[in-house]
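FYI, in the working numbering the residues of the sequence shown are 1 to 208. All C-beta atoms in this analysis are idealised placements derived from N, C-alpha and C, irrespective of residue type, glycine included. Since the structure comes first, as structure tokens, the remarks are kept for the end.
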Amino acid sequence: MDDKPPWRLRYPECEQRLPWLSMLLESYAIFDKGIAHAIKKEIKKHKLRLACMNNCDNCCRTHADIPVYPHEMPGIYWYVAEQMDSSLRTALRGRIISPAADSSCLFLINSSCAVHPVRPAACRQFNVFNRQCAEGEDPFFTRRKDVLTPDKQNTDKAFYAVLPFYGITSEAEKNKAIKTQIIHTQAKNLKSLKWQALLKAMDDFDNR
1 MDDKPPWRLR YPECEQRLPW LSMLLESYAI FDKGIAHAIK KEIKKHKLRL ACMNNCDNCC
61 RTHADIPVYP HEMPGIYWYV AEQMDSSLRT ALRGRIISPA ADSSCLFLIN SSCAVHPVRP
121 AACRQFNVFN RQCAEGEDPF FTRRKDVLTP DKQNTDKAFY AVLPFYGITS EAEKNKAIKT
181 QIIHTQAKNL KSLKWQALLK AMDDFDNR
């Protein structure tokens, strides 16, 4: 595993223009830092080996349910419209217009996540140890002990950072929201959502 610690992505001009973006990037940085710590802890304590690596796309293809939260959607739209490489945008347009026949994630292009910097928290948290997944395998069901269990305290901290997006601003309201886990009722299945509006977002940005 790369020993380089997670770092918080920064887009100063965009963050100044889009107030929610800083919250989202901060939340993802908290996730990434906590996950990296948890992985190192498991490797050291149980002598495990992280099986996930670049161009490993099994979970992007086989997982039927990839949760995505309302506060994550603007990040994906922004990244696709303003930050994505033109060749990937062209490929993504094709996938939106003519969806793949299989169940792979819309954003899986050339065996890589096209929106990796703003990929959902669920994708960030899913890590597998010991051996790579077999074709079509979901190790959460076949070998649960090899799947990293996210640290709840870190997860709560990361979601705490984006609660203002939902109009939850006071400390009392934030603490209550975290305690009741109400934010998790807002998640949708990424694979079931209609993404045609992304085409308009790209066109609107190009035509500014």
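{"Query": "Helix, strand or coil for S104, going by three-state DSSP, please let me know.", "Result": "coil"}
{"Query": "Let me know the alpha helix (DSSP H) ranges lying completely inside the segment 35-105, each 4 residues or longer, listed in chain order.", "Result": "58-62, 73-78, 86-97"}
{"Query": "What are the start and end residues of the alpha helix (DSSP H) that includes E135?", "Result": "Segment: none, E135 is in no alpha helix (DSSP H) and carries neither H nor E."}
{"Query": "How is the alpha helix (DSSP H) around L198 delimited, first residue to last?", "Result": "197-206"}
{"Query": "How long is the line joining the alpha carbons of M227 and F31, rounded to whole angstroms?", "Result": "Past the boundaries of the shown model lies residue 227; the chain is included only from 1 to 208, so the question cannot be answered."}
{"Query": "Specify whether the segment 43-61 and the segment 173-182 touch according to this definition: at least 3 beta carbon pairs, one from each stretch, less than 8 Å apart.", "Result": "no"}
{"Query": "According to DSSP, is S22 helix, strand or coil?", "Result": "helix"}
{"Query": "Determine whether the beta carbon atoms of P117 and L199 lie at a separation below 8 Å.", "Result": "no"}
{"Query": "Let me know the secondary structure DSSP gives S111 once reduced to three states.", "Result": "coil"}
{"Query": "Please classify F159 as buried or exposed, where buried requires at least 16 neighbouring CB atoms within 10 angstroms.", "Result": "buried"}
{"Query": "I'd like to know whether the C-beta atoms of K191 and I109 end up nearer to each other than 8 Å.", "Result": "no"}
{"Query": "Counting only the same chain and skipping the five closest in sequence on each side, list residues whose C-beta sits under 6 Å from that of A121.", "Result": "F31"}
{"Query": "Can you look up V162 in the DSSP assignment and give me helix, strand or coil?", "Result": "coil"}
{"Query": "Judging by CA-CA distance, which residue of N189, P150, I168, Q83 is the nearest neighbour of K33?", "Result": "P150"}
{"Query": "Taking all protein chains shown into account, decide if R144 is buried (16 or more other Cβ within 10 angstroms of its Cβ) or exposed.", "Result": "exposed"}
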